[in-house]
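Protein chains in written order, with numbering that gives the first Met the number 0: chain A, 0 to 348; chain B, 0 to 348; chain C, 0 to 348; chain D, 0 to 348.
Working notes, structure below.
Number of protein chains: 4
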Amino acid sequence: MPTRLKVAVLGATGYSGLELTRILLRHPQVEKPVLLKRSADSGIGATNLADIFPALSGNGGYPLQSLSWQSLKKQGVELLFLATPHEVSRALVPEAVEQGIRVIDLSGAWRLKQEQHRAIYGFKDEDSVTAADLTEKAVYGLPELHSDKIPNAMVIANPGCYATTVILGLAPLLLAGLADRDKGIIADSKSGVSGAGKEPTSRTHFVSVADNLSAYGVFTHRHLGEIAEQLHLSTSEITFTPHLLPIPRGILSTIYVQLKQPASPERIEKVYRDFYKGKKFVRVFQTPKLPEIQFSLHTNYCDLGFCLAPDGQRLVIVSCEDNLIKGAAGQAVQNMNLMYGFAEEQGLL
Amino acid sequence: MPTRLKVAVLGATGYSGLELTRILLRHPQVEKPVLLKRSADSGIGATNLADIFPALSGNGGYPLQSLSWQSLKKQGVELLFLATPHEVSRALVPEAVEQGIRVIDLSGAWRLKQEQHRAIYGFKDEDSVTAADLTEKAVYGLPELHSDKIPNAMVIANPGCYATTVILGLAPLLLAGLADRDKGIIADSKSGVSGAGKEPTSRTHFVSVADNLSAYGVFTHRHLGEIAEQLHLSTSEITFTPHLLPIPRGILSTIYVQLKQPASPERIEKVYRDFYKGKKFVRVFQTPKLPEIQFSLHTNYCDLGFCLAPDGQRLVIVSCEDNLIKGAAGQAVQNMNLMYGFAEEQGLL
Amino acid sequence: MPTRLKVAVLGATGYSGLELTRILLRHPQVEKPVLLKRSADSGIGATNLADIFPALSGNGGYPLQSLSWQSLKKQGVELLFLATPHEVSRALVPEAVEQGIRVIDLSGAWRLKQEQHRAIYGFKDEDSVTAADLTEKAVYGLPELHSDKIPNAMVIANPGCYATTVILGLAPLLLAGLADRDKGIIADSKSGVSGAGKEPTSRTHFVSVADNLSAYGVFTHRHLGEIAEQLHLSTSEITFTPHLLPIPRGILSTIYVQLKQPASPERIEKVYRDFYKGKKFVRVFQTPKLPEIQFSLHTNYCDLGFCLAPDGQRLVIVSCEDNLIKGAAGQAVQNMNLMYGFAEEQGLL
Amino acid sequence: MPTRLKVAVLGATGYSGLELTRILLRHPQVEKPVLLKRSADSGIGATNLADIFPALSGNGGYPLQSLSWQSLKKQGVELLFLATPHEVSRALVPEAVEQGIRVIDLSGAWRLKQEQHRAIYGFKDEDSVTAADLTEKAVYGLPELHSDKIPNAMVIANPGCYATTVILGLAPLLLAGLADRDKGIIADSKSGVSGAGKEPTSRTHFVSVADNLSAYGVFTHRHLGEIAEQLHLSTSEITFTPHLLPIPRGILSTIYVQLKQPASPERIEKVYRDFYKGKKFVRVFQTPKLPEIQFSLHTNYCDLGFCLAPDGQRLVIVSCEDNLIKGAAGQAVQNMNLMYGFAEEQGLL
């Protein structure tokens, strides 16, 4: 039996981190992951992940270690997953790289190449030479677009949850040059509450969310930067409006594009099918069928469907995923699979 | 004490009809309404509304009568509310008018003037001379737009729930000529399940709706016609996408418009405030505050808020209401208040 | 027109306080209430209740004052509602009484006569002479049981939400001496999340509550004391288990009693109907119909129904209410109505 | 590589059947299952399971066959899962057995040995000799109780969802003779809506369930029979009250027992731990920790926890499971694993 990959997860106490831990525990080519906690993590006193998530009870437990590079090296950890706030990731990734440990970072810390977009996170280019260098080298880990660069990346910037639905929904069309960008592109996205994180706030209080829907971060949400960069759009060519849904998980993005020339539904469907040919985790629905959030929950799929107006020019694309899986932990494992030459769907079906 | 108005409700066994009954029961200028049932109504054997809705128990009951024009006349009913399917309303309104009974119809049967839009309901112009005549005379009962014609109307076509949010959200801007209609207008609407009616279907099953979100009726939803007519748009100038939310009631519409010229948020806010000055049931939120569905639940308000892009040209309008109140029963009572010279907010605060 | 009662509400920024404010604003015999805030209230900087609850927007606003006895006296406030934590109520009620202001306290501070039960709140008898005296004089404000003492009370201890359902569900049976207390009585109660208060905690986070149900406070919940006192039971004769439901509001208590002698359903129904004769806010359902949470939402009703086993001895009683209305704000107004000689249902239908 | 087991599923179009199909598709020792449909199944025209459940899209599809014994034999099917109504199972099991095909039946058709309990399903003993014989031979498939008889069973009667939580919660205590049965045992159970099946009814309509809780089937629910039989109780010794929760899946049963003698929590915990020693799918929580529905969702665990009153005699047991997994499909696969000598947890972790 071949040696299994040794990985560590920092931030397993959050929603994405928990999901990641669950997937890794079932992955046949990975050792039981080393689980790390930060002092600032919720449940600070906990020494076992099952104390924080009783859903993990009863299998001998999942001890939490404090982060120590020396200890990680000693345990033979080759790959570190960071499910941490972006400030933490910004600080830790250079350290990990110095130790020769590869990183898949689930935060927004390393996703953006353009300074104007990074500004929204408060990062400045002059932070450090290392940071500038890593910003350059980090690979945006969207396997359907960058499977060429992911295998050899030292640092993977795992995409944002909203961004994944919008980019996968638009890429085929934009790369084929079909969209009339002058008319403006709109992504109206709706997400379950786990996307807002585990921190209890008045906004995540059950009574605030239940029986409700609210828009937020219009024109200012951080994912706008990565959407624009990956799709080669300016931020005035795309309008992105996130909404908070009264469900625990799942994203549906309704995307509006106008085509330069009238097209047939068959033509559009072919563009999508050709683009995602061989991509296991994008499912293109046959028009007029549309994906719904439920269809992709607890899976690593991003589901795409579309409707074309009778005029053949106005196109509505519906893109769905589980924000904790394809939008976070599942995509991270998909990246790991590519980095280590495992089958892309290993541990994800 | 002055004589109170005598009204009847057909279809009290549905969601809008129940809400309407509740409002009328509390209205100080209206007699306890005559409640009518059709043989096709759910709970066909029921002789009391409390048998169908136990929430109405304990106050002596609400007997259901079968519809009889003779009996209505004898009881002195002056106004009939129809909370019935559009085919039923299409058949009954001419009969009521012939009897000299005014009608507020909550269905889509009489909302549309243009034949192309009516076609979606399967109505043909040659149905009957009466129908053609009534189609002409029926007043679209959106009090914020048509308070001049409502008082004397014989037939009020009460607006659709989605349509109310979209029309009220766009009217000030379009009438001021600020919108660049060539760029296309988008209304991305999300509704609670009561909007889909009380009929149990696989689509309204709890397990299908909970933890889900789905788009439907893209480019084909019936409310598109009234939105276009009321806003003087062609159906290719506006794209309307309804979605089914996992909540019992409430609508949020996110509306996207591009302006002909860059404007300031103050300018936009003034346009809205001026337009709705003195209109008690539209609340304009001060930018950057946005309405949420919860804020208008169980009220007759339509709440409006907006965000303007840094470029001053892309405008996102958020419009919320309770689909059963401002989107149906409350608006019907608001129309009744105007028809009979009662204070517009009577029974609605 | 007669002078209206002048009241104040401290704690309008919480869920019960908001509901109370809404009811008082519609009450025909009460002036627009004076709204008071404490420095510790959430939304501390807010000067208007509409800033905290945008649902209250658009009617000129609801200014928040800081508590000052002098100012209250000057404004002619005769009655103070406290929707505050019990420690705060314990401190403020003696002050209010000293000022000659009557109090309806929605907390648990003054509900308990027996020292053993008060201990659970950490109150000691020797706190102060005044406290001991007020503990004695405070009237437990359950109008269906104590309508004789409420009218003249200086201090009303408004009942707990769970307690209201359990006491009203059991009182007729226990007072008639039908229950076999030796076999043990069980109240299995389920409440919506607003009962847990507005404070954001990991327990009230949407993701913790949604798609979940949990039991808590088994054998230790504070409401056990008032249930036992009001029903003249020892705490070993009744087992009370609260659960947290994934809904914003509403309580259903399933209560299990064994009868000393077999009885017929008719006999049991008669006991309940006789006991609640003339009580407007208790609805007794005809067996085998059972109340559901939805039936009493947004009303001041406590709904009761029951099932009797084929053996005629095991009885299951189902008791439902809206925890924010009959379980808090509505009941408080019902008490006010009795204290000031208004019709009991004034403002509550 | 050894030959994999060949199985068929009738009723994959229902909730339990879908869950079962999903588990079987991932099971390493089972061939892709043959999926069968009945003419009466919903989605009657569908020829592929992905047409009914789009969540299954994109893997080449899951064709549905019509049931034919000849065809099943030809395909080498050794084991048939029935996720069908009990009348259907009652009719089909004798046929399957005659063909030499073993059956795991998820309905209530074969669970009951006592005629008095079977009466509730409308089955009569004289139905047929075969039926009487199979009733005798069918094994109640609760692996934690009957792992001795399951391996050789021809017909497994897979337990009811509610029954699984109640039986597993009570068995250790009753078999140890600790419970005072004369005082009565109470199981107050709450289930998600998938337990009510996929049929759209007014009871499963989203608007009826959301923001609600209701009790039903008090003293009459069919699962009472199997609970009583398995625990050797009379139906007057146990009261069972099911409730419908506003969640898609999951059951929590709160069980009340009085002990003959006062005991310590340690004693009780030991009784449970000893009983479930080596049982992989029952997790006993350390008092005072209690399981919640979320903890066991999407797993095959039944989670147990308890609270003991200060008097040491009143015991509250909380028992949770996913009704579609441990309460149906997962338990069925657990039974299959025992029947074919696979590891008990195979395909279930």
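Note that CB positions come from ideal geometry on N, CA and C, so glycine has one too.
- Counting C-beta pairs with one atom in each stretch, the stretch 108–120 of chain D and the stretch 80–92 of chain D have three or more that are closer than 8 Å, which means they touch.
- Listed by position along chain D, the residues whose Cβ is nearer than 8 Å to that of A/Ala342 form an empty set, because the closest Cβ is around 15 Å away.
- Residues Trp68 and Lys72 of the same chain have their beta carbon placed closer than 7 Å to that of B/Gln98, with the five preceding and five following residues left out of the count.
- Counting other Cβ atoms within 10 Å of its Cβ, C/Ser263 stays below 16 and is therefore classed as exposed.
- Counting C-beta atoms within 10 angstroms of its own C-beta, B/Arg25 has fewer than 16 neighbours from the protein chains shown and is therefore classed as exposed.
- Per DSSP, reduced to three states, the secondary structure at C/Val128 is helical.
- With a minimum length of 4 residues, the unbroken runs of alpha helix (DSSP H) contained wholly in the stretch 50–106 of chain D fall at 68–73 and 85–97.
- DSSP places A/Ile155 inside the beta strand (DSSP E), whose first and last residues are Val154 to Ala156.
- Listed along chain C are Ala54, each with a C-beta nearer than 7 Å to that of B/Gln293.
- With contacts defined as CB atoms closer than 7 Å, A/Arg282 and B/Thr238 fail to qualify as a contacting pair.
- Annotated as proximal: C/His204 and A/Thr203, with beta-carbon spacing under 7 Å.
- Interface residue (Cβ-Cβ distance to chain C less than 7 Å): A/His204 is classified as such.
- Any Cβ of chain B closer than 7 Å to the Cβ of A/Val317 would place that residue at the interface, and such an atom is present.
- In the three-state DSSP reduction, B/Val217 falls in the coil class, being neither helix nor strand.
- Secondary structure note for D/Phe274: its alpha helix (DSSP H) is the uninterrupted segment Pro264 to Phe274.
- Neighbours of A/His220 across chain D, judged by C-beta separation under 8 Å, do not exist; the nearest C-beta is about 28 Å away.
- The criterion of a C-beta distance shorter than 7 Å is not satisfied by C/Ala170 and C/Val270.
- Against chain B, a Cβ distance below 9 Å from A/Ile246 picks out Ala209, Asp210, Asn211, Leu212 and Pro245.
- The closest CA to that of B/Pro199, considering only D/Ala195, D/Gly194, D/Val206 and D/Ser193, is found on D/Val206.
- Judged by DSSP in its simplified three-state form, B/Phe341 adopts coil rather than helix or strand.
- C/Ser188 and C/His231 do not touch by the CB rule: their CB atoms are close to 20 Å apart, not below 8 Å.
- Secondary structure at D/Lys325: helix, using DSSP grouped into helix, strand and coil.
- Taking a contact to require three or more Cβ pairs closer than 8 Å, the stretch 51–70 of chain A and the stretch 326–334 of chain A do not qualify as touching.
- Inclusion of A/Gly304 and A/Pro290 in the CB contact set at 7 Å is warranted, their separation being smaller than that value.
- At a cut-off of 7 Å, the C-beta of C/Thr46 has no neighbouring C-beta in chain D.
- CA-CA distance, B/Thr253 to A/Ala131, rounds to 39 Å.
- For C/Arg282, the uninterrupted beta strand (DSSP E) run begins and ends at Val281 to Val283, by DSSP.
- Using a Cβ-Cβ cut-off of 9 Å, A/Val192 is close to His204, Phe205, Val206 and Ala209 of chain C, given in chain order.
- Only exposed fits A/Leu348, as fewer than 16 other CB atoms lie within 10 angstroms of its CB.
- Cα atoms of D/Leu177 and D/Leu258: separation of roughly 6 Å, rounded to the nearest angstrom.
- For D/Phe205, the enclosing alpha helix (DSSP H) starts and ends at Phe205 to Val208.
- In its chain, beyond the 5 residues on either side, Glu343 and Glu344 have a beta carbon closer than 7 Å to the beta carbon of A/Lys279.
- Each of A/Leu78, A/Leu48, A/Lys5 and A/Val128 was checked against the Cα of A/Val29, and the nearest Cα belongs to A/Lys5.
- Contact of D/His297 with chain A by beta-carbon distance below 8 Å involves His297.
- When rounded, the separation of the alpha-carbon atoms in A/Pro287 and A/Val165 is 19 Å.
- The contact set of C/Pro199 on chain A, defined by CB atoms closer than 9 Å, consists of Glu198, Pro199, Thr200, Ser201, Arg202, Thr203, His204 and Ser207 in chain order.
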